[in-house]
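Per our numbering, the very first residue in the sequence shown carries number 1; after that it's consecutive.
Every residue, glycine too, gets a C-beta built ideally from N, C-alpha and C.
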Amino acid sequence: MEKQFIQIQLGLFFKNDFQGMPENASLVIKEQFGNDLSAQIIGIPNNAPSEIPRVVINSPLVNINLSKNRIDFFSKDKAFITNNHDKIFNVIEKLSVVIGRVGVVFRYFKEANIDEMKSLFDKSKISNLNPTEIVVRLNEKTKINEVISNNSQLYETGFANDKNGLKKEGVVITRDINSLQEDINKNEFGKETLKKFVLVATTEAEKTII
């Protein structure tokens, strides 16, 4: 059975913390994605850790979290990033931040029983085991448009509801392609370099071992 798409996430990490007002940032995001978006300004001290979201926006199309050091877009539309690339980068420009690191995460579900996960192992070594859960994580370094990146695959046994609300047993697959944290000051993603990175990462994310 083919794997089913669940969600895409785009994480954009800033070289330097966003210094603007959360209220203004909310208006910038709404300007691009619709004034009817539900926005929440999180009231926290200015010296709170940079990774804590300051603005949280929810809509049927996209959920957006803005922290001082990053912005994340979550969508159940597989083509969201591709279709909204210009709007995303317009937000970045109006926030006056520079992207030094990018992460693209896809989550899928494939209906299967636990034997499909066990098939990844040497059966002679697990023949006496009867696990109820299996988690497998693989990571390799790869180059995406000359940017050294992590190419991670996570497989977890789990359950998901189908369109009729019936619970199905299967494997939750997380594909995470991200440039290196240690290279955030060296790398810089402009509009076109970001687009190229995301396109290659999206193609790479379709490759799974289950």
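DSSP three-state assignment for residue i, whether helix, strand or coil
i	result
D72	strand
I35	Just to set this straight, residue 35 is Asn in the shown sequence, not Ile. It is coil, neither helix nor strand.
N24	helix
I81	helix
L199	helix
I210	coil
L129	coil
I44	coil
Beta-carbon contacts of residue i that lie in its chain and below 6 Å, excluding the five residues immediately before and after
i	result
N65	P53, V56, D72
I134	M117, T157
K30	L37
Unbroken alpha helix (DSSP H) run spanning residue i, endpoints
i	result
N159	It should be pointed out that residue 159 corresponds to Phe in this sequence rather than to Asn. Per DSSP, F159 belongs to no alpha helix (DSSP H); it is in the beta strand (DSSP E), 147 to 161.
E116	114 to 118
S124	123 to 126
V62	No alpha helix (DSSP H) holds V62; DSSP gives it neither H nor E.
Residue i, enclosing beta strand (DSSP E) - first and last residue
i	result
I41	38 to 41
K230	Given that the chain is displayed from residue 1 to residue 210, the structure contains no residue 230 and the question cannot be resolved.
E188	Counting along the chain, E188 falls outside any beta strand (DSSP E), and DSSP gives it neither H nor E.
K110	99 to 111
I173	167 to 179
T142	135 to 144
Own chain partners of residue i with C-beta closer than 7 Å, once the 5 adjacent residues on each side are dropped
i	result
Q181	R101
K191	F89
K195	H85
Among the options, the one whose alpha carbon lies nearest that of residue i
i	options	result
D183	K167, S149, I177	S149
T203	I81, N46, N58	I81
S216	F106, R107, V105, V136	Residue 216 falls outside the range modelled here, since the chain spans only 1 to 210, and no answer is possible.
K161	K186, L129, K123, E111	Per the sequence shown, the amino acid found at residue 161 is Asn instead of Lys. Looking at the Cα atoms, E111 is the closest of the given residues.
G43	K196, E23, N139, D176	E23
K287	S124, V98, I177, R107	In the structure as shown, the chain starts at 1 and stops at 210, and residue 287 therefore has no counterpart that could be examined.
A48	E93, Y155, N69	N69
Cβ neighbour criterion (16 or more within 10 Å) applied to residue i
i	result
M117	buried
S67	buried
S75	buried
L27	exposed
S179	buried
F121	exposed
A39	buried
Q9	buried
T211	Not covered by the structure: residue 211. The range shown for the chain is 1 to 210.
Residue-level contact to chain C via CB, residue i, 8 Å cutoff
i	result
T82	The structure shown contains no chain C; it is built from a single protein chain.
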